[in-house]
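Residue numbers (this note's numbering): 40 to 312.
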């Protein structure tokens, strides 16, 4: 829940918001915060329990498979009808595309990845251009994989880089109407795709300068709220990493794993200085 300071400084009272992929993970955390900050929120998803999830946080639910263009169109129409318009769009829905090298990644998996993780973004931006109020805000969820590459996730990384590119293009094209578009690039985050017992968590926490994976409720929602609020009215076309320092470079944990000597590991002045 938003605290009193965040509500005062980054209040969303009167904002009409659509969040795609809002029934779990980052999307649900953002929806909870936005409702607490005074916004009227609609969330979309495919889960059978979506309506109950939305009701529990005082939001409305729109059933939609964002891999199907007609359902994306219907989702936007439903949101505008229910909310009376749209001021903020959070394009967040996504899937885990699985891991495989380029040489063995299947066309089926690649196309599914494209449909959900990229085409849905394109279709949503098309709708936003037609339906979002002047002065509105678009926030896309990309990934630090847009700029920081690892093996066997080439398709996902390329698509998340494309999401950043689309976001920046939308920022340019919609700027005359005062509409802003920014991308959030989360790093390793606890979610349905990466629960606490997922192999990635301890591996990445060793590499992260801050030493821990992100908790969406604690570490990410404030950035989304800021970008949705009028306090960020002069910020557009940006891709902002919320990654615990992942993209900075080697952490002490990484150096320790690689066997760096103790004097190199010291955070204080080096003995030779």
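Backbone N, C-alpha and C fix where the C-beta goes; we use that ideal spot for every residue, glycine too.
**OP:** Assign residue 76 to buried or exposed, taking buried as 16 or more other Cβ atoms, counted over all protein chains shown, within 10 Å of its Cβ.
**Re:** Locating residue 76 in the chain shown gives position 37, where the first residue counts as 1. Counting Cβ neighbours within 10 Å, residue 76 comes out buried, since at least 16 surround it.
Original post:
Taking DSSP as the reference, what is the three-state secondary structure of residue 215?
Top reply: Numbered from 1 along the chain shown, position 176 holds the residue referred to as residue 215. DSSP places residue 215 in helix when its eight states are reduced to three.
Subject >> Extent of the continuous alpha helix (DSSP H) run through residue 49 >> reply: Taking the first residue of the chain shown as 1, we reach residue 49 at position 10. Note, residue 49: premise wrong, no alpha helix (DSSP H); not H, not E.
**OP:** From the DSSP output, in three-state form, read off residue 300 for me.
**Re:** Here residue 300 refers to the residue found at position 261 of the chain shown. If DSSP states are grouped into helix, strand and coil, residue 300 belongs with coil.
**OP:** In the DSSP assignment, find the unbroken beta strand (DSSP E) run with residue 278 in it and report its ends.
**Re:** Within the chain shown, the letter at position 239 stands for residue 278. Residue 278 -> beta strand (DSSP E) spans 278 to 281.
Original post:
Taking the runs of the alpha helix (DSSP H) that are 4 residues or longer, which of them lie wholly in the segment 175 to 261?
Top reply: Segments of the alpha helix (DSSP H) lying fully in the segment 175 to 261: 193 to 213, 239 to 246.
Subject >> Rounded C-alpha distance that separates residue 86 from residue 183 >> reply: Within the chain shown, residue 86 is the residue found at index 47, counting from 1. Within the chain shown, residue 183 is the residue found at index 144, counting from 1. C-alpha separation (whole angstroms): 27 Å.
Original post:
Which residue from 68, 61, 160 puts its Cα closest to that of residue 254?
Top reply: Stepping through the chain shown from its first residue, residue 254 is reached at position 215. For the residues 68, 61, 160, the minimum Cα distance to residue 254 belongs to 68.
Original post:
Per DSSP, residue 57 is paired with what?
Top reply: Within the chain shown, residue 57 is the residue found at index 18, counting from 1. DSSP lists 81, 128 as partners of residue 57.
Subject >> Run of the beta strand (DSSP E) containing residue 138, from where it starts to where it stops >> reply: Here residue 138 is taken as the residue at index 99 of the chain shown, counted from 1. First-last for residue 138: undefined, no H or E at that position.
Original post:
To the nearest angstrom, how far is it from the Cα of residue 282 to the Cα of residue 229?
Top reply: What you label residue 282 is simply residue 243 of the chain shown in a count that begins at 1. What you label residue 229 is simply residue 190 of the chain shown in a count that begins at 1. For residue 282 and residue 229, the distance between alpha carbons rounds to 12 Å.
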